[in-house]
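Some notes on the structure that comes next.
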Amino acid sequence: MAAQTQTMTAAPKNKEPEQFLTGAQAIMQSLVEQGVDTIFGYPGGAIMPTYDALYDYQDKLKHILVRHEQGAGHAAQGYARMTNRAGVAMVTSGPGATNLMTPIADAMLDSTPLVCIVGQVKGNLLGTDAFQECDIIGISMPITKWNYQVVDANEIPEIIAKAFHIAESGRPGPVLIDITRTAQTDKMTQPFKYEKKVDVISYRPRVVPKQEHIEAAAKLINAAKKPYILAGHGVLLANAQDELKQFIEKAGIPVATTLLGMSAVDADHPLYVGWPGMHGNYGANVLTNECDVLIAIGMRFDDRITGDLGTYAKQAKVVHIEIDPAEINKNVFADAPVVGDAKEALKALLPLINTNSYPEWRAEFAKYDAIEYEKITKKDLFHEGDQIKMGEAVAMLSDKTKGEAVTVTDVGQHQMIANRYYRFKKPFSSVTSGGAGTMGFALPAAFGAKMGAPDREVVAIIGDGGFQMTIQELGTIAQSGLPVKIIILNNNFLGMVRQWQQLFFDRRYSFVELQNPDFITIAKGFGIAGHTVSDRAKLSESLDTLLQSDKPYLLEIICEKEENVFPMVPAGACVTKVILE
Amino acid sequence: MTTYTLSIFTSNTIGLLNRITIIFTRRRLNIESLTVCETERKGVSRFTIVIRHDSREAVEKLVRQIRKVVDVLAVFGYLDHEIVFNEIALFKIATPLGGVPLNIKEINLDWNAKVVHWGLDYVVIEKNGTEQEIAEFYHYIKNWEILEYLKSGRVAVGKTEKGLVEYLPEGDWEVV
Ligand SMILES: Cc1ncc(C[n+]2csc(CCOP(=O)(O)OP(=O)(O)O)c2C)c(N)n1
Ligand SMILES: [Mg+2]
Chain A
1 MAAQTQTMTA APKNKEPEQF LTGAQAIMQS LVEQGVDTIF GYPGGAIMPT YDALYDYQDK
61 LKHILVRHEQ GAGHAAQGYA RMTNRAGVAM VTSGPGATNL MTPIADAMLD STPLVCIVGQ
121 VKGNLLGTDA FQECDIIGIS MPITKWNYQV VDANEIPEII AKAFHIAESG RPGPVLIDIT
181 RTAQTDKMTQ PFKYEKKVDV ISYRPRVVPK QEHIEAAAKL INAAKKPYIL AGHGVLLANA
241 QDELKQFIEK AGIPVATTLL GMSAVDADHP LYVGWPGMHG NYGANVLTNE CDVLIAIGMR
301 FDDRITGDLG TYAKQAKVVH IEIDPAEINK NVFADAPVVG DAKEALKALL PLINTNSYPE
361 WRAEFAKYDA IEYEKITKKD LFHEGDQIKM GEAVAMLSDK TKGEAVTVTD VGQHQMIANR
421 YYRFKKPFSS VTSGGAGTMG FALPAAFGAK MGAPDREVVA IIGDGGFQMT IQELGTIAQS
481 GLPVKIIILN NNFLGMVRQW QQLFFDRRYS FVELQNPDFI TIAKGFGIAG HTVSDRAKLS
541 ESLDTLLQSD KPYLLEIICE KEENVFPMVP AGACVTKVIL E
Chain B
582 MTTYTLSIFT SNTIGLLNRI TIIFTRRRLN IESLTVCETE RKGVSRFTIV IRHDSREAVE
642 KLVRQIRKVV DVLAVFGYLD HEIVFNEIAL FKIATPLGGV PLNIKEINLD WNAKVVHWGL
702 DYVVIEKNGT EQEIAEFYHY IKNWEILEYL KSGRVAVGKT EKGLVEYLPE GDWEVV
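Protein sequences appear in the order of chains A and B.
To convert, note that position 385 of the first sequence is 385 in our numbering; the numbers rise steadily by one, no gaps.
Convert by adding 581 to the 1-based position in the second sequence; the result is the number in our numbering.
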């Protein structure tokens, strides 16, 4: 009877005490007991019973009404990236659910925990092409870590607990639960009981690595003359930034962070050498092919990092620390694989690692840095031409925020420039769409990030193209009143595509120039203040205005139109084939 | 091309077949045969999938991707010499009046096949064996008119003393 009494107190006050919860109430109660505080969502027919239950839960669950379901998904991603807990999105069936597919695919590639609750038509209508019916289980199967269709209200607590467990543990990812309208309206036939701790017998990711793997890795690392660390998103997902710092400081090993691992190491740390990959740093790329031991931590050797696998780090012994065993040997052969959580692995490695320093090896990085500075950085930052360069704007933002803001970047040139010139001083400070490269990500994700980390300054940095993909979320931001700071780096082009057309398609600019709207007027229409700056002399005060605003604010920076992002390793090329200008 | 037999043990959930086959589709791998059945343990299904591939490494990657599916309990990839395997084929053969009669004794004794159904002017012959044995029998029986021919996918067990439970994650695996 004890469980039953507990259920009674859990039920909303205006309901008869002897009743069991409806499925919809069970969804709400499960979320509360899971510790969820924020839901990003959009209502519609098939999820209406749950929205009705939500009406009674408004004091416990904050619901954010977005303007498009894609916005809900990306906002939930931004929230998850700040909190390391699953972001929750709730939408209706059919088009509501399909609109969520882009964020889900994005979260899958970038290992972001999401729990998506999706309404479905009534149970008896399944498979009949009913109004707003869509086989969302089928559609989302390849892009979710797990999905499940609930047709029975009694299943709800268990399935929701399982969803959070799967989304957040191991290598995190998106989970979708498709709940028929009937399962929402039906009453449970048993007392509600939520058990947060679940054991899924077929899913028990290894967290603590095998000691023999740790020892083999330590042996390789201790014998290295030119070791090099690539730290990825897995470091942040495991909250292992402190362990990583201890590790590199003891071992004296130079460390680069991947785009998703950005901010896991203080940009001013003497051992930090930047980032590898297509638009990463010169030395960070070239020296991949000169190190003798490559230590990859929580990263998956994406092709944007490795370029040509046939020539990638062939000289090096590879230590690969990774929680997802399917990533081991997938792209790069691991001489010493360590399957486990990055934090646990680094903790176990630390005592076995010799104190060391590699001054000559580190000097190699410095050499390449100097070349990169001369050829690229200097020109980007101390440009004499009329127009503002993206790089100088970002560098100024970085200075003004002391490298302590969260930047949420969209996809394109501005994304690469922002991550290149923002000097991240704190972990969990770069939110971007890396694996999927989803334009339209930044505006809703910045909002979600602000929801997840209200005490931090969150600055969205977006291109003029991508801004127009989820521009409607200005409405969500305005309604919330949260001071999300938005910068459009406007080059009047789909800049990144234009760059490729210039470099690899003979400057044949095929549909990359935009006739843009007046962004500031649009923002004002949504109730968000803003202004445009095109004059370098006014850039500094413009950024001050943006940063000092206690409301959302839009700053449009008119940038040089045909600027290119360098360094660049062309797609599929060897990492030593870096184009500098 | 080498033949690989994958034994995949899963919890018995809806949609899992789909989740597994899309892993093959994405890599443009052709499934030669697929057999799904319940096992001697409650709630555990067994998929036997045969593929041909010239890269062992690629098959190993495939196995790891399948293992990653949340409802998959265990996956093994075998070469032919590591397993005992079989398929079952059915042949519907025309036996018209005045035609050459089938040599039932030969079919039974030489081919280890048997007639499992006698129709009015046809018979159904069942032949068990490896792909090759079935192909050879096909060649022989082709001398009569084949009205229909089909065969099942491969079923296979590993040549080891271990039982299913030893492959599964630790738990109470109830015998059916
Ligand atoms: C949804 C989506 N569609 C298309 C692309 C391909 N794409 C990558 S970058 C880019 C241009 C982005 O233009 P803009 O937002 O103005 O940023 P810029 O590169 O100019 O900084 C495009 C079209 C993409 N990444 N995502
Ligand atoms: Mg642009």
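Positions of the beta carbon are idealized from the N, C-alpha and C atoms, including for glycine.
Between Gly658 (chain B) and chain A, is the shortest Cβ-Cβ distance under 8 Å, so that the two count as touching? Locating residue 658 (chain B) in the second sequence gives position 77, counting from the first residue. Closer than 8 Å to the CB of Gly658 (chain B) there is not a single CB belonging to chain A.
Please confirm if Ala326 (chain A) has its CB atom under 8 Å from at least one CB of chain B. Taking the first sequence and counting its residues from 1, one reaches residue 326 (chain A) at position 326. Interface flag for Ala326 (chain A) against chain B is set, since a Cβ pair is found closer than 8 Å.
Below 8 Å, how does it come out for the region 292 to 301 of chain A and the region 328 to 339 of chain A: are there three or more Cβ pairs, yes or no? Per the Cβ contact rule, the region 292 to 301 of chain A is in contact with the region 328 to 339 of chain A (3 or more Cβ pairs under 8 Å).
Could you check how far apart the C-beta atoms of Ile388 (chain A) and Leu443 (chain A) are, in whole angstroms? I think they sit under 8 Å. As a working note, residue 388 (chain A) is residue 388 in the first sequence. As a working note, residue 443 (chain A) is residue 443 in the first sequence. The beta-carbon distance between Ile388 (chain A) and Leu443 (chain A), rounded to whole angstroms, is 21 Å. This is too long to meet the 8 Å contact definition.
Reduced DSSP secondary structure (H/G/I, E/B, other) of Tyr585 (chain B): To locate residue 585 (chain B), count along the second sequence from 1; it is residue 4. Tyr585 (chain B): strand per DSSP, three-state reduction.
Interface partners of Leu654 (chain B) on chain A, CB under 8 Å: Taking the second sequence and counting its residues from 1, one reaches residue 654 (chain B) at position 73. What Leu654 (chain B) touches in chain A: Ile201, Ser202.
Is any beta-carbon of chain A found at less than 8 Å from that of Val617 (chain B)? Within the second sequence, the letter at position 36 stands for residue 617 (chain B). It does not; no Cβ of chain A falls within 8 Å.
Any chance you could list the alpha helix (DSSP H) runs of at least 4 consecutive residues sitting entirely within the region 269 to 330 of chain A, in chain order? Counting only runs of 4 or more, we get 282 to 286, 303 to 306.
CA-to-CA distance, Ala218 (chain A) to Leu350 (chain A), given in whole angstroms: Residue 350 (chain A) sits at position 350 when you count from the first residue of the first sequence. Residue 218 (chain A) sits at position 218 when you count from the first residue of the first sequence. If you draw a straight line from the Cα of Leu350 (chain A) to the Cα of Ala218 (chain A), it is about 9 Å long.
How about Pro142 (chain A): is its C-beta nearer than 8 Å to some C-beta of chain B? Here residue 142 (chain A) refers to the residue found at position 142 when the first sequence is read from its first residue. For Pro142 (chain A), the answer is yes, since a Cβ of chain B falls inside 8 Å of its Cβ.
When A:Ser433, A:Gly73, A:Ala24 are compared against Tyr55 (chain A), the one with the closest alpha-carbon: Here residue 55 (chain A) refers to the residue found at position 55 when the first sequence is read from its first residue. Of the candidates A:Ser433, A:Gly73, A:Ala24, the one whose C-alpha sits nearest the C-alpha of Tyr55 (chain A) is A:Ala24.
With DSSP as the reference, please indicate the residues paired to Val115 (chain A) in a beta bridge. Within the first sequence, residue 115 (chain A) is the residue found at index 115, counting from 1. The partner list for Val115 (chain A) (beta bridge, DSSP) reads A:Val88, A:Val175.
Comparing alpha-carbon positions, which option in B:Ile612, B:Ala675, B:Ile715 lies nearest Lys693 (chain B)? The sequence position of residue 693 (chain B) within the second sequence is 112, counting from 1. In the sequence as displayed, the identity of residue 693 (chain B) is Asn instead of Lys. A check of alpha carbon separations from Asn693 (chain B) across B:Ile612, B:Ala675, B:Ile715 identifies B:Ile715 as the nearest.
Are the C-beta atoms of Ser592 (chain B) and some chain A residue less than 8 Å apart? Counting from 1 along the second sequence, the entry for residue 592 (chain B) is found at position 11. Taking Cβ atoms only, chain A reaches closer than 8 Å to Ser592 (chain B), which makes this a yes.
Any Cβ of chain B within less than 8 Å of the Cβ of Gly232 (chain A)? Position 232 of the first sequence, counted from the first residue, corresponds to residue 232 (chain A). Not a single CB atom of chain B sits nearer than 8 Å to the CB of Gly232 (chain A).
Excluding the 5 residues flanking Val757 (chain B) on each side, which residues of the same chain have their C-beta closer than 8 Å to its C-beta? Here residue 757 (chain B) refers to the residue found at position 176 of the second sequence. Cβ contact annotation for Val757 (chain B) (same chain, cutoff 8 Å, sequence separation greater than five): Glu619, Thr620, Glu621, Arg622, Lys623, in chain order.
Any beta carbon of chain A sitting closer than 8 Å to that of Gly744 (chain B)? Along the second sequence, read from residue 1 onward, the residue named residue 744 (chain B) stands at position 163. Not one chain A Cβ lies under 8 Å of Gly744 (chain B).
For Gly804 (chain B): DSSP bridge partner residues: In the structure as shown, chain B begins at 582 and stops at 757. Residue 804 (chain B) is therefore absent and cannot be evaluated.
Can you tell me the Cα-Cα spacing of Trp275 (chain A) and Ile253 (chain A), whole angstroms? In the first sequence, residue 275 (chain A) corresponds to position 275, counting from 1. In the first sequence, residue 253 (chain A) corresponds to position 253, counting from 1. Answer to the nearest angstrom: the Cα atoms are 15 Å apart.
Would you please verify whether the beta carbon of Lys607 (chain B) is less than 8 Å from any beta carbon of chain A? As a first step, residue 607 (chain B) is located in the second sequence; it is residue number 26 there, counting from the start. Checking the displayed sequence, the identity of residue 607 (chain B) turns out to be Arg instead of Lys. Interface criterion met: the Cβ of Arg607 (chain B) is under 8 Å from a Cβ in chain A.
May I ask you to check if the CB of Asn491 (chain A) is nearer than 7 Å to at least one heavy atom of ligand 2? Working through the first sequence from its first residue, we reach residue 491 (chain A) at position 491. Asn491 (chain A) Cβ: within cutoff of ligand 2.
Could you list which residues in chain A have their beta carbon closer than 8 Å to that of Lys642 (chain B), in chain order? Sequence index remark: in the second sequence, residue 642 (chain B) carries index 61 (1-based). By Cβ distance, chain A contributes Ala326, Asn329, Lys330.
In angstroms with no decimal places, state the Cα-to-Cα distance between Met416 (chain A) and Lys400 (chain A). Position 416 of the first sequence, counted from the start, is the residue given in the question as residue 416 (chain A). Position 400 of the first sequence, counted from the start, is the residue given in the question as residue 400 (chain A). Distance between the alpha carbons of Met416 (chain A) and Lys400 (chain A) is about 20 Å.
C-alpha gap between Gln4 (chain A) and Pro191 (chain A), whole angstroms: The residue given as residue 4 (chain A) occupies position 4 in the first sequence. The residue given as residue 191 (chain A) occupies position 191 in the first sequence. At Gln4 (chain A) the pLDDT is 43, less than 50, meaning the model places this residue with poor confidence; the figure from the coordinates comes in the next sentence. In a straight line, the C-alpha of Gln4 (chain A) is about 5 Å away from that of Pro191 (chain A).
From this set, A:Ala436, A:Leu230, A:Leu580, which residue's C-alpha is nearest Ala296 (chain A)'s C-alpha? Here residue 296 (chain A) is taken as the residue at index 296 of the first sequence, counted from 1. Checking every option, the nearest Cα to that of Ala296 (chain A) belongs to A:Leu230.
Opening and closing residue of the alpha helix (DSSP H) in which Ile143 (chain A) lies: Here residue 143 (chain A) refers to the residue found at position 143 when the first sequence is read from its first residue. Looking at the DSSP string, Ile143 (chain A) is not in any alpha helix (DSSP H), and its letter there is neither H nor E.
Verify the CB distance criterion: does Lys145 (chain A) have a CB-CB separation below 8 Å to chain B? The sequence position of residue 145 (chain A) within the first sequence is 145, counting from 1. So yes, Lys145 (chain A) belongs to the interface.
Can you find a C-beta in chain B that's less than 8 Å from the C-beta of Ile166 (chain A)? Numbered from 1 along the first sequence, position 166 holds the residue referred to as residue 166 (chain A). Closer than 8 Å: yes.
Examine the Cβ distances between the region 414 to 432 of chain A and the region 356 to 375 of chain A and report whether three or more of them are shorter than 8 Å. Taking a contact to require three or more Cβ pairs closer than 8 Å, the region 414 to 432 of chain A and the region 356 to 375 of chain A do not qualify as touching.
Bridge partners for Phe672 (chain B) per DSSP, in chain order? Walking along the second sequence from the start, residue 672 (chain B) turns up at place 91. According to DSSP, which records beta bridges pairwise, Phe672 (chain B) is partnered with B:Ile706, B:Tyr730.
Under 7 Å by beta carbon: chain A residues contacting Arg645 (chain B): Reading the second sequence from its first residue, position 64 is the one you call residue 645 (chain B). Chain A residues near Arg645 (chain B): Pro325, Ala326.
Check: Asp464 (chain A) C-beta below 7 Å from any heavy atom of ligand 2: For this step, residue 464 (chain A) is matched to residue 464 along the first sequence. Answer for Asp464 (chain A): yes, Cβ within range of ligand 2.
Return yes when at least one heavy atom of ligand 1 lies under 7 Å from the C-beta of Asp302 (chain A), else no. Locating residue 302 (chain A) in the first sequence gives position 302, where the first residue counts as 1. Because no heavy atom of ligand 1 lies under 7 Å away, the Cβ of Asp302 (chain A) does not count as near it: no.
Per-residue DSSP class, three states only, for Met469 (chain A): Counting from one through the first sequence, the residue named residue 469 (chain A) turns up at place 469. DSSP places Met469 (chain A) in coil when its eight states are reduced to three.
Distance check for Gly391 (chain A) and Leu309 (chain A), CA to CA, integer angstroms please. If you number the first sequence from 1, residue 309 (chain A) lands on position 309. If you number the first sequence from 1, residue 391 (chain A) lands on position 391. When only Cα atoms are considered, Leu309 (chain A) and Gly391 (chain A) end up about 30 Å apart.
DSSP state of Trp754 (chain B), grouped into three classes? As a first step, residue 754 (chain B) is located in the second sequence; it is residue number 173 there, counting from the start. For Trp754 (chain B), the three-state secondary structure derived from DSSP is coil.
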